[in-house]
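Heads up: the structure comes next, in structure tokens.
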Amino acid sequence: VCSTMCMSGRMALGIPSVPSFLHAVEGVGDNLGHGETTENFCERLGKSLCQMVLGLVMIPGCMGLIFWNENNLVVNEATADLVSGAKVYPTCVPSPKATGELVLVACDLYAPDIASSLP
């Protein structure tokens, strides 16, 4: 009786029992026949446990991806620092003091013309 009175009182004031935008959402509503859910406790529990397990798998997965990305950034930065510190020898003859160091040698290559001897 009370729920009927509350329902009629709310409707008399122009207040719907469920907001109109929620009527289109399945499973949302009150127990007066507006969008009642048909899932039992075990179905809801199963869905929630599945979502919990999925979250527990996604968190370490995301942490692993972030670690992998940060590791690649550190390696790339170290490589860029190493290359920017290389000694440049434009004459193609590095000095003996550069033995064991990273050097950048840029010179023209001269090769014999072997195109005429190709089949």
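Offset between the sequence shown (1-based) and this note's numbering: plus 7.
Every residue gets a Cβ at the ideal spot worked out from N, C-alpha and C, and that includes glycine.
Cβ shell of residue i (< 6 Å), same chain only, five flanking positions each side left out
i	result
residue 112	96 and 99
residue 52	none
Collapsed DSSP secondary structure at residue i in the structure displayed
i	result
residue 111	strand
residue 90	helix
residue 95	strand
residue 100	coil
residue 125	coil
residue 47	coil
Rounded distance between the beta-carbons of residue j and residue i, thought under 8 Å
i	j	result
residue 101	residue 110	5 Å
is_contact[residue i, chain D] using C-beta, thresh 8 Å
i	result
residue 57	In the structure shown, chain D cannot be found, because there is only a single protein chain.
Heavy atom of the ligand COA within 7 Å of residue i beta-carbon
i	result
residue 109	With respect to the ligand COA, the structure shown offers nothing to examine, as it has no ligands at all.
Other residues of its chain near residue i: CB distance less than 7 Å, five sequence neighbours each side excluded
i	result
residue 108	94
residue 105	94
residue 123	none
residue 126	none
Next item on the list: Decide if the stretch 92 to 99 is in contact with the stretch 67 to 79; the criterion is three or more beta carbon pairs, one per stretch, under 8 Å apart.
Entry: Fewer than three beta-carbon pairs drawn from the stretch 92 to 99 and the stretch 67 to 79 are found closer than 8 Å, and the two stretches are therefore not classed as touching.
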